[in-house]
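Report on the structure given below.
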Amino acid sequence: MLKSAENMPANPHQTPSLPTLTRAIVWNQALWTAGHSLTTGGFLLYFGQELGATGLWIALLLAIPETVGVIGLATRRVIHWLGGRKRTWLICFVLARLFALGIPLLAFRQLRPSTSEPLGFMVVYLVLSEAFGSIAYVAYLSWLSDLAPESHWGRFFAKRDISQFAILLIVPVFGGYARDFWRRLVTEQTWSPDTALLAYVVTFAVGISLQLVSMVPLLRLPDVAVRAPTAALPQWQMLVEAWKDRSMRFLLIHNWWLAAANGLTQAAFFSYLFGPLGIGLGTYYLLLNVMNATKIPVSYYAGRICDQHGNKRLLLNSVFIVSHSLLFWLWATPEKWWLVFGAYFLWGGFAAVNIAGGNLTLKLAPRSDNAAHLALFRQVGGLVAGVSGLLGGVWLDSLRREAFVVPLGDYRLEAYQLLFLISWLGRASAALWILPIREPIHRPANAGSLGTPGES
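In this note's numbering, the protein residues as written are 82 to 537.
This is the structure:
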């Protein structure tokens, strides 16, 4: 069984004030985001391409972070083995970074396996890093939900997210242009191709270092014991109980449904941007910045709305509004490529979806002993999105080989548009699963929260 408050009492005098906790989490998130953005996404994919990745390898690198995240379902059991959520986060976070170190080392020819495919080792390192990272993240969220007062969850997590989006406006763009500059320099000076890989070594080294430094602000926070009557229940029973709860069940179905609809178009979006629309990397970064810039004010107001009025209505409205971003993809053509700016602007609304959905999960889960519920919501949702992304990519290739097209007057419904249409219907209908959810009675932000002094 998990250690409960009776077995491991928490000293309320050690609980930090809300301002202190908020500062710690904002610094942690900012540093972690800066490091994460330099070791994933485009940097990882470009490095894979330099090592010869094409087709299936690229698909694997894209799908691994989400699909491997399902390992997070084991977090509650790992917390029991290691004796606390902070300890679990700390150990698994460090292990994730250590395995991630193996990826940039593949840039050195003498360190690559001579008889094996280096991309195979990249996949193994990535799987191990993401697996431990998933457990660390679930333990981290569960731990923070006990440190922060429930009446301030909305604004607390909104401030964390705002620091993330602010960093994403700067660091990936700067890192991307720095990488391109080094690549051009290597070409102009006719240096060895292996020299070009040094850019990835430096980028990954800086990224992993920033992620390790991000731990510092959290090290002084106390490890709060799991305080819930469910602490004695085994892992499997917690998962069953989560599914038996009617509101939690509908929330999970909603999230998985939305994840499947979102994942379906992963490959189609990127392929359509860089293919038919002919959008360059610089414009792509600009699109991402439109989305991240929009998420900052959306996060701010979403956090306040969640604390003052609850999460369900905001989640319902946000999901429905954001789903209409697919209309811009359906209308976008090479002549009207700029319409996709509308989609990225609406995608800024996902900040409200994520805050409201995460908070609602915490409210429906047992207070403190919520790792199983968080993993079902976030990690299984990631798995669904990853699998859907792979299937969507396969289906897109099949439709394009068959030259699929349905003329609708002056409009042509081709392979890309068919996936956009189905994804739009799936995203919009995901809102229907929210309707039967009964959100627990909301306590106003000024009502206070027992055991957490220093609210403001």
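The beta-carbon is built from N, C-alpha and C at its ideal position, and this holds for glycine as well.
Note that this is a predicted model, so its numbers are computed, not measured.
Check                                                                                                                      : Outcome
Limits of the unbroken alpha helix (DSSP H) element including P185                                                         : 183-186
Residue range of the unbroken alpha helix (DSSP H) whose run includes L408                                                 : 406-412
Own chain residues within Cβ distance below 7 Å of R385, not counting five before or after                                 : G235, R236
Span of the beta strand (DSSP E), counted from its first residue to its last, around E495                                  : 492-495
Residues near T120 by beta carbon distance below 7 Å, same chain, minus five either side                                   : A181, F285, G288, I289
Where the alpha helix (DSSP H) through P447 begins and ends                                                                : Counting along the chain, P447 falls outside any alpha helix (DSSP H), and DSSP gives it neither H nor E.
Beta-carbon contacts of P253 that lie in its chain and below 6 Å, excluding the five residues immediately before and after : S118
Collapsed DSSP secondary structure at V305 in the structure displayed                                                      : coil
Secondary structure of E520, DSSP reduced to three states                                                                  : coil
Three-state secondary structure (DSSP) of M89                                                                              : Note that M89 has pLDDT 41, beneath the 50 cutoff, so the model's placement of it is unreliable and no number is given.
For P199, the first and last residue of its enclosing alpha helix (DSSP H)                                                 : 199-228
Beta strand (DSSP E) segment containing V487, residue limits                                                               : 486-489
Boundaries of the alpha helix (DSSP H) in which L279 is found, first to last residue                                       : 279-294
Environment of Y492 [buried if 16+ CB atoms lie within 10 Å]                                                               : exposed
Segment contact flag, the stretch 127-138 with the stretch 321-331, C-beta cutoff 8 Å, min 3 pairs                         : no
Coil, strand or helix - I436 by DSSP                                                                                       : helix
Reduced DSSP secondary structure (H/G/I, E/B, other) of F262                                                               : helix
Given L299 as reference, the closest of L125, L279, K167 once Cα atoms are compared                                        : K167
Rounded straight-line distance, which links the Cα of A280 to that of F189                                                 : 12 Å
S98 versus K444: straight-line alpha-carbon distance, rounded                                                              : 21 Å
Residue of N392, L506, S215 minimising C-alpha distance to A437                                                            : N392
Selected residue, minimal CA-CA separation from L186, among L125, W162, L222                                               : L125
Rounded straight-line distance, which links the Cα of E483 to that of Y382                                                 : 46 Å
Cα-Cα separation, L369 to P315                                                                                             : 43 Å
DSSP-derived helix/strand/coil call for S98                                                                                : coil
Three-pair Cβ contact test at 8 Å for the stretch 511-520 versus the stretch 397-406                                       : yes
C-alpha distance - A155 paired with Y365, whole-angstrom precision                                                         : 37 Å
CB of L69 within 8 Å of CB of L142, strictly                                                                               : A query on residue 69 cannot be resolved here, the shown segment of the chain reaching from 82 to 537 and no further.
Cβ shell of L339 (< 7 Å), same chain only, five flanking positions each side left out                                      : V400, R508, A511
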